[in-house]
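Everything in the sequence shown is counted per the numbering used here, starting at 353 for the first residue and increasing by one. Have a look at the structure below before the remarks.
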Amino acid sequence: FFFFLKKKKKKKKTPQFFFPPKLNKTASYKDLQKDHEQQLDNLRLELLLKFQQDNSSQTHSNTNATLETDNAQLRQENQRLEQSNKALERKLDDLDQRVAHLQNENERLLQDNARSRRGQHDDSFSLEADENLQMKINQLQQENEKLNQQLALLNSNSNSSSSYHSSQSNIMSKKSHFTDNDINDKTENMDEERKEKGSM
Numbered sequence: 353f354f355f356f357l358k359k360k361k362k363k364k365k366t367p368q369f370f371f372p373p374k375l376n377k378t379a380s381y382k383d384l385q386k387d388h389e390q391q392l393d394n395l396r397l398e399l400l401l402k403f404q405q406d407n408s409s410q411t412h413s414n415t416n417a418t419l420e421t422d423n424a425q426l427r428q429e430n431q432r433l434e435q436s437n438k439a440l441e442r443k444l445d446d447l448d449q450r451v452a453h454l455q456n457e458n459e460r461l462l463q464d465n466a467r468s469r470r471g472q473h474d475d476s477f478s479l480e481a482d483e484n485l486q487m488k489i490n491q492l493q494q495e496n497e498k499l500n501q502q503l504a505l506l507n508s509n510s511n512s513s514s515s516y517h518s519s520q521s522n523i524m525s526k527k528s529h530f531t532d533n534d535i536n537d538k539t540e541n542m543d544e545e546r547k548e549k550g551s552m
């Protein structure tokens, strides 16, 4: 009986409900690995999103800072251009005043030139008239001297008082004619010509 029991004990299999079922270690490791990878992917995604947000915010802040700097530079440039424009406007005003002054001066010089030309014309006309009159007076004086010489010759060569008196009367009449009448007529004619030219 003991032997039979013993054999039965040898052949008898151990019931499996006494031991917990074996765990599938490979399957559990893969699941853990997948979970870990999923967590890593989630972390990577979060980090990527956070980096993108930070980068965009930093980019926006940098862009805003750049725009503010550019606006400040543009305002300075605008102020400089306004000052330059004001300076140019002042220079243009000065140039306009100078141009107006030069125009007035030019008109004055033209008027002075015209007056001086009229004065030179009058002076030249009067000088020419005086020269012509002087030439005629010189001619009359030369003729008078000739007549005086002829009178002296007649006085020295006269033999009779009648011939002397007749020749003397003729010469004196010619002399008086050339000295008084002719000079007066010619001076009057010159005065009239001068007046006519002056009126022209």
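Don't be surprised by glycine CBs; every beta carbon is placed ideally from N, CA and C. Since this is a predicted model, take the numbers as computed values, not measurements.
Distance from the CA atom of LEU505 to the CA atom of GLU495, rounded to whole angstroms, is 15 Å. The C-alpha of LEU503 is placed about 16 Å away from the C-alpha of LEU492.
If you draw a straight line from the Cα of GLU497 to the Cα of ASN465, it comes to about 46 Å. Fully enclosed beta strand (DSSP E) runs of no fewer than 3 residues are not present anywhere in the segment 439-501.
Rounded to the nearest whole angstrom, the CA to CA distance from ASN407 to GLU434 is 39 Å. C-alpha of ASN437 to C-alpha of LYS443: approximately 10 Å in a straight line. Take the alpha-carbon of GLN463 and the one of ARG469: they are about 10 Å apart.
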